[in-house]
Amino acid sequence: MGEMMERYLTWPLLVGVALLINACVVTSEQFQALQQDVRSLRGDVNALGQGGVIGREGGQEGEGGTFRQTGAVARLEELATETRILQGQLEENSYRLSEISQRLDETEMKVARLLGEPGRPGRSATAGQVPVPSPPVPGGLPQASSPGQTFPPGVSPVPPSGASQPLPPRGGGLSSPQSPRVAIPRQPVMQGSLPSPEKVYKDSLTDYTKGNYDLAISGFKNYLTFFPKTSLVPNAQYWLAESYYSQRKYLAAIREFDKLDKDYPGSTKVPSAMLKQAYAYLELPGETAQGQRVLRELMAKFPRSREARLAQDRLERL
Amino acid sequence: MTGLWRILLLLLVLWGGMPPANGSAQVDITVTRRAVQRIPVVVVGLQPLQLVSGGADLAARAESILKGDLEFSTIFEVLPPVFLPFDSKEIRLGEEKKVLPSLNQLKVQALVAAYLTKQGKDLVLEGRVYNVPRGAFVGGTRYFGDVKALRTMVHRLADEVVFRLTGERGVASTRIAYASVEKGATELYLMDYDGHNSVLVTGNRSINLSPRFSPDGKLLAYTSYRDGNPDLYLLNLETGRRKKVSALPGLNISPAWSPDGRWLALSLSKDGGTNVYMMGLNGKKLRRLTNGLGISVAASFSPNGRQIVFTSDRGGSPQIYVIDVEGTNLRRLSFQGDYNASPHWSPRGDKIAFISDRGGGSFQIYLMNLDGSGVQQMTTVGSNEDPAWSPDGRHLVFSSNRSGTKDVYVMHADGSGLKRLTRSALNNFAPNWSP
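Sequence order for the protein chains is H and X. Quick note: to get the working numbering, add 18 to the position in the first sequence (first position is 1). Quick note: to get the working numbering, add 8 to the position in the second sequence (first position is 1).
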């Protein structure tokens with residue numbers, strides 16, 4: 019009965035997600051093809067421009083060449099407009115996909131509550147039923163109270179990890195041993211009220227924006243701990259790393275940015291995370307080679323991204 | 009009379025009209041609490057003062073300004089004298105403590121005693137603040153100045169009251185810069201936050217736009233066509249000295265200050281398209297943040313200085329985007345309406361104000377959360393543009409054509425408390441609030 023209800027509630031959403039993903043893929047392909055066309059035409063225009071210069075210098079500029087050049091410029095502008103429109107459609111599709119994912123999160127929470135399965139593994143914790151972190155691991159990170167989020171008695175937020183933890187060994191990073199992962203709690207439950215995932219995320223993002231980085235770090239860690247399967251987890255991971263980066267705690271930032279690529283390789287934030295991880299390496303004495311390596315890796319993995327261009331610029335300035 | 013006292017009055021009327029309680033009659037009264045609870049305060053003192061016989065009562069003017077400042081803060085609710093069990097003007101300097109018990113019975117939280125006296129050619133404004141429930145003196149201050157400085161003295165006293173009672177900086181001493189069209193030119197002006205004391209700051213008979221106060225309030229960045237090209241200038245408001253900081257070919261427009269005051273974000277068209285750049289105050293260390301042949305303008309920094317919100321048509325229509333100051337992590341925030349522009353990040357960090365045309369051909373002011381959710385419409389009448397936050401994030405200033413010409417208005421961040429600041433026959437727009 020419960021499973022049927024769950025299927026009934028989530029199936030339309032899943033179909034919607036699938037359709038939207040499909041739409042996005044098609045749009046992305048069209049978008050990339052158009053970008054390729056624009057690049058190709060830019061090359062043609064440049065070549066024609068150079069030809070024109072040569073022609074003028076030789077006194078041989080013909081009307082045919084000028085006509086071709088004007089036509090190519092018009093086509094270029096047309097394609098650029100089309101590219102912008104497709105870019106807009108791509109952004110809107112991504113937005114709708116994100117919205118549906120968040121609604122799916124909410125629906126699953128409601129279904130779990132209806133089914134009386136508050137701490138179901140695989141999706142987020144249910145409001146009113148709070149997963150409790152495991153007791154501190156001996157020798158592990160100390161428990162600390164969160165100044166930012168109000169969690170119910172008996173629920174300990176994940177403590178902020180210090181910047182002194184070792185760096186991740188991204189392809190032979192620093193010569194430190196692999197960092198101990200933050201203890202992810204098991205999913206026992208207790209009665210109490212937990213803020214919704216949306217509230218925890220938004221409050222943490224606001225704390226980050228205000229420059230309350232310790233609160234933001236605590237909040238995003240709580241989000242990752244208590245809502246580990248929700249759609250905003252990769253974003254929370256990014257903002258956690260970015261909060262450390264903003265504090266100039268580059269070791270911690272490198273470690274957290276590294277998790278984006280490793281744990282959420284499909285996230286749209288991976289190129290940004292790689293770029294900032296490289297920048298963080300470059301801020302550390304003796305880590306220039308690591309920074310360069312990550313920049314090159316970024317350019318190889320996402321050659322058409324704006325981050326690849328920024329990486330290229332930075333490499334040229336090193 | 010404001011809401012709380014209306015409710016109180018209503019309760020008194022209801023109480024008087026009810027039959028005496030005899031055990032059988034039971035009346036349930038539900039009082040809905042206002043969304044924002046203000047602190048009830050009382051202002052006493054300010055005995056009449058005229059410099060010449062038959063002249064204006066300066067104390068009455070000061071009282072009006074002080075009460076206006078305290079009410080506009082959205083922090084306080086000034087109790088009207090009619091509710092007091094004593095004459096507020098009978099309270100003399102040093103006698104304040106004797107009225108604290110009666111004020112405590114009225115649930116008044118703070119007493120502000122102000123006294124305006126004449127000392128030679130100067131006026132002296134003395135203010136004292138009391139915590140009523142504790143019966144304690146919180147602090148006092150004294151200001152000297154001539155008649156022309158009276159408004160400034162009272163604004164400072166109001167800010168002192170806000171600070172003493174809440175720890176926040178008030179906005180009564182702040183100023184607003186704006187552009188005004190006159191005789192074919194567009195000049196920049198400064199005025200007090202309540203619309204008084206407007207002064208011209210450009211006067212070059214050219215087009216001057218986008219005034220933006222530096223975080224310390226000492227510099228004003230703006231774009232001017234004075235030399236033919238839209239170049240970017242910095243005006244030192246203390247010395248009056250101007251400096252051209254960006255005169256690159258094409259547009260040098262829509263400046264925004266980083267919160268640390270060390271950087272300007274601006275839009276340049278030197279490389280084709282109009283893109284957002286970051287630049288040092290000396291015009292050097294130029295760094296491009298956006299790419300493409302589209303138009304990206306109207307940058308505004310997040311309070312932590314790590315992100316910039318701006319308008320771009322990179323998706324085919326003007327929309328609101330956010331980008332990290334490294335030029336990465338670009339994302340779009342607005343998805344409703346074909347025209348969303350002029351974003352301004354709240355100093356409290358949690359909201360972005362912007363304008364949107366969602367039908368009817370007019371712009372309205374909206375607020376949204378940092379992820380683009382929770383969109384709230386703040387205006388409905390006329391066309392409203394150029395929203396900018398007050399430094400405390402409690403108010404918005406904007407321009408509107410609701411009265412025929414474009415004028416500068418302020419409102420509280422919840423859309424209430426609308427107040428028109430400019431009243432000339434000219435078009436006044438592009439306001440920016442000083443720190």
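Each residue gets a CB set at the ideal place from its N, CA and C atoms; glycine is no exception. Source: prediction; values computed, not measured.
Query: Which residues in chain X sit within 9 Å of H:Tyr262, going by Cβ to Cβ distance?; Result: What H:Tyr262 touches in chain X: nothing, since even the nearest Cβ is about 12 Å away.
Query: Going along chain H in order, which residues have a C-beta closer than 8 Å to the C-beta of X:Arg340?; Result: Glu109, Tyr113
Query: Confirm, please, whether the CB-CB distance from X:Gly335 to H:Gly258 is below 8 Å.; Result: According to the sequence as given, residue 258 of chain H is Leu; it is not Gly. In this structure, X:Gly335 does not lie closer than 8 Å to H:Leu258 by Cβ.
Query: Any chance you could list the alpha helix (DSSP H) runs of at least 4 consecutive residues sitting entirely within the region 92-125 of chain H, in chain order?; Result: none
Query: H:Ser142: buried (16+ other C-beta within 10 angstroms of its C-beta) or exposed?; Result: Bear in mind that a pLDDT of 39 at H:Ser142, under 50, signals an unreliable position, so the number given afterwards is only what the model happens to contain. The residue is buried, with at least 16 neighbouring Cβ atoms inside 10 Å.
Query: For my contact list, H:Leu300 and H:Thr306 are in at a C-beta cut-off of 8 Å; report their separation, rounded to the angstrom.; Result: 6 Å
Query: So with CB distances below 7 Å, who are the chain H contacts of X:Arg402?; Result: Result: empty, since nearest Cβ-Cβ is about 15 Å, beyond 7 Å.
Query: If you measure beta-carbon to beta-carbon, which residues of the region 367-393 of chain X are closer than 9 Å to chain H?; Result: Asn377, Leu378, Asp379, Gly380, Ser381, Gly382
Query: Is the beta carbon of X:Pro219 less than 8 Å from the beta carbon of X:Leu228?; Result: yes
Query: Would you be able to state if there are at least three C-beta pairs under 8 Å between the region 222-230 of chain H and the region 253-269 of chain H?; Result: yes
Query: Between X:Trp265 and X:Gly288, is the Cβ-Cβ spacing less than 8 Å?; Result: no
Query: State the Cα-Cα distance for the pair X:Glu168 and X:Arg340, rounded to the nearest angstrom.; Result: 41 Å
Query: Beta-carbon separation of X:Val389 and X:Val405 under 8 Å?; Result: no
Query: So, with DSSP's three-state summary, where would you put H:Met208?; Result: Note that H:Met208 scores a pLDDT of 38, beneath 50, so its modelled location is shaky and nothing firm can be said.
Query: Does the region 420-437 of chain X touch the region 188-201 of chain X, meaning 3 or more C-beta pairs lie closer than 8 Å?; Result: yes
Query: Measure the Cβ-Cβ separation of X:Phe437 and X:Ala187 and say whether it is below 8 Å.; Result: yes
Query: When you compare only the Cα positions, how much space is there between X:Ala307 and X:Trp353?; Result: 9 Å
Query: Mind checking the region 281-299 of chain H against chain X and listing, in chain order, the residues whose C-beta falls within less than 9 Å of any C-beta there?; Result: Thr286, Lys287, Pro289, Ser290, Ala291, Leu293, Lys294, Tyr297
Query: At 7 Å on the CB atoms, spell out the chain H contacts of X:Asp358, in chain order.; Result: Thr224
Query: Could you tell me the boundaries of the beta strand (DSSP E) in which H:Leu258 lies?; Result: Careful: H:Leu258 lies outside any beta strand (DSSP E), inside the alpha helix (DSSP H) at 251-264.
Query: Can a CB atom of chain H be found closer than 8 Å to the CB of X:Glu176?; Result: no
Query: Determine the DSSP secondary structure at X:Gln127, reduced to helix, strand or coil.; Result: strand
Query: Are any of the Cβ atoms in chain H nearer than 8 Å to that of X:Gly225?; Result: no
Query: Where in the region 156-228 of chain X do unbroken runs of the beta strand (DSSP E), each at least 3 residues long, occur, reported from the N-terminal end onward?; Result: 183-190, 193-200, 216-221
Query: Among X:Pro326, X:Ile360, X:Val333, whose alpha-carbon lies nearest the alpha-carbon of X:Asp346?; Result: X:Pro326
Query: With a Cβ-Cβ cutoff of 8 Å, do X:Ser320 and X:Gly302 count as a contact?; Result: yes
Query: Step through the CB atoms of chain X and report whether any lies within less than 8 Å of the CB of H:Ala92.; Result: no
Query: Report the CB separation of X:Glu3 from X:Leu119 in whole angstroms; it is logged as a contact under 8 Å.; Result: Lying before the first or after the last residue shown, residue 3 of chain X is absent from chain X, which here runs from 9 to 443.
Query: Could you check where the alpha helix (DSSP H) with H:Lys277 kicks off and where it finishes?; Result: 268-281
Query: Could you check which residue in X:Ser424, X:Ser407, X:Glu85, X:Lys156 has the C-alpha nearest to that of X:Val416?; Result: X:Ser407
Query: Within 10 angstroms of its Cβ, does X:Arg41 collect 16 or more other Cβ (buried), or is it exposed?; Result: Because the pLDDT of X:Arg41 is 42, which lies under 50, any placement of that residue in the model is unreliable, and the number read from its coordinates should be weighed accordingly. Looking at its Cβ environment, which holds fewer than 16 other Cβ atoms inside 10 Å, X:Arg41 is exposed.
Query: From X:Leu243 to X:Val209, what does the alpha carbon distance come to, in whole angstroms?; Result: 9 Å
Query: Starting from the C-beta of X:Leu57, find all residues in its chain whose C-beta is less than 6 Å away, skip the five residues before and the five after it, and write them out in chain order.; Result: Leu66, Ala67, Leu124
Query: Would X:Glu71 count as contacting chain H if we go by Cβ distances under 8 Å?; Result: no
Query: Could you tell me whether the region 81-98 of chain X touches the region 149-157 of chain X, where touching means 3 or more Cβ pairs closer than 8 Å?; Result: no
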